[in-house]
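Numbering (our numbering), first residue to last: 3 to 204.
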């Protein structure tokens, strides 16, 4: 069972690969995935906490290749770079019965292409290709009310503008050169700060 027509789905949001679930200390790991049955190549994050993977991955129909937490531009460039190798994999696989389940089996050229794909992705990404994540404790200093003139009447739109200003400031000092910064919990912090000022005035 083979296909030679690959469809690449590129990332559209700069921080699309970022996802951190409540209670987790780190963002979810990311990967490039090749869906052998649908002929689709994309970048995504693991929606499962821990090491769990879907049956489609376990049985080899969806091939996953680890990548760092990349911003969209870097992820899309990686997708373009591996597309010729993904084409070779798609052209050389079959569905077989292993005695218990239907699984995907790669041919010799597909195996070679997959090894080349892994090697191409290994250690190729600079820090500037990756999303920088700041948690609320690192991104704020406790003086935001004075610095940004936050009062009990400050609107949500203004708080969003302040969050964006903090994001831009941190992008300039992150040290990684990345233009994409995620602020974890800062928006909620600013709203709690504003709401707390309203309670003090009551």
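For every residue, glycine included, the Cβ atom is placed at its ideal position computed from N, Cα and C.
Please report how far the alpha carbon of residue 35 lies from the alpha carbon of residue 172, in whole angstroms. Indexing the chain shown from 1 puts residue 35 at position 33. Indexing the chain shown from 1 puts residue 172 at position 170. Those two C-alpha atoms are separated by around 31 Å.
Alpha-carbon to alpha-carbon, residue 131 and residue 79: Residue numbering aside, residue 79 sits at position 77 when the chain shown is read from its first letter. Residue numbering aside, residue 131 sits at position 129 when the chain shown is read from its first letter. Computed Cα separation, rounded: 10 Å.
Once you ignore the five residues that flank residue 123 on each side, which residues in its own chain have a CB closer than 8 Å to its CB? Here residue 123 corresponds to residue number 121 of the chain shown, with the count starting at 1. Correct list, in chain order: 34, 67, 68, 69, 80 and 84.
Spatial neighbours of residue 22 within its chain, please: C-beta separation below 8 Å, excluding the five flanking residues on both sides. Translated into positions along the chain shown, residue 22 becomes position 20. Within the same chain, residue 22 has close Cβ partners 28, 29, 30, 135 and 186.
For the beta strand (DSSP E) containing residue 45, name the first residue and the last one. Along the chain shown, one-based indexing puts residue 45 at 43. 42-47 is the span of the beta strand (DSSP E), which, as asked, contains residue 45.
Have a look at the DSSP bridge pairing and note the partners of residue 184. Residue mapping note: residue 184 aligns to position 182 of the chain shown, counting from 1. Paired residue(s): 135.
Quick check on DSSP: helix, strand or coil for residue 23? The residue given as residue 23 occupies position 21 in the chain shown. Residue 23 falls in the coil class under three-state DSSP.
Per DSSP, what kind of secondary structure is residue 8 in: helix, strand or coil? Against the chain shown, residue 8 aligns to sequence position 6. Three-state result, residue 8: coil.
Please say whether residue 129 and residue 91 have beta carbons closer to each other than 9 Å? If you number the chain shown from 1, residue 91 lands on position 89. If you number the chain shown from 1, residue 129 lands on position 127. Cβ atoms of residue 91 and residue 129: not closer than 9 Å.
Where the alpha helix (DSSP H) through residue 79 begins and ends: As a working mapping, residue 79 is identified with position 77 in the chain shown. Start and end: 74-92.
Identify the continuous alpha helix (DSSP H) that holds residue 162 and give its terminal residues. The sequence position of residue 162 within the chain shown is 160, counting from 1. Here the alpha helix (DSSP H) through residue 162 covers 158-175.
Below 6 Å CB to CB, which residues in the same chain sit around residue 104 once its five sequence neighbours on both sides are set aside? Here residue 104 refers to the residue found at position 102 when the chain shown is read from its first residue. Same-chain partners within the cutoff: 97.
Roughly how many angstroms separate the alpha carbons of residue 2 and residue 145, rounded to a whole number? Residue 2 cannot be examined here, being either before or after the span of the chain that is shown, 3 to 204.
In angstroms with no decimal places, state the Cα-to-Cα distance between residue 32 and residue 160. As a first step, residue 32 is located in the chain shown; it is residue number 30 there, counting from the start. As a first step, residue 160 is located in the chain shown; it is residue number 158 there, counting from the start. Rounded to the nearest angstrom, the two C-alpha atoms are 33 Å apart.
Where residue 3 and residue 72 are concerned, what is the direct C-alpha to C-alpha distance, given to the nearest angstrom? Sequence index remark: in the chain shown, residue 3 carries index 1 (1-based). Sequence index remark: in the chain shown, residue 72 carries index 70 (1-based). Per-residue confidence for residue 3 stands at a pLDDT of 49, beneath the threshold of 50, marking its modelled position as unreliable; no derived number is given.
Can you round the beta-carbon distance between residue 99 and residue 112 to whole angstroms, since I take them to be within the 8 Å contact cut? Looking up residue 99 in the chain shown gives position 97. Looking up residue 112 in the chain shown gives position 110. Actually they are not in contact, since the Cβ atoms of residue 99 and residue 112 sit about 19 Å apart, beyond 8 Å.
At what residue ranges does the segment 97-156 contain a whole run of the beta strand (DSSP E), taking only runs of 3 or more? 104-108 and 134-137
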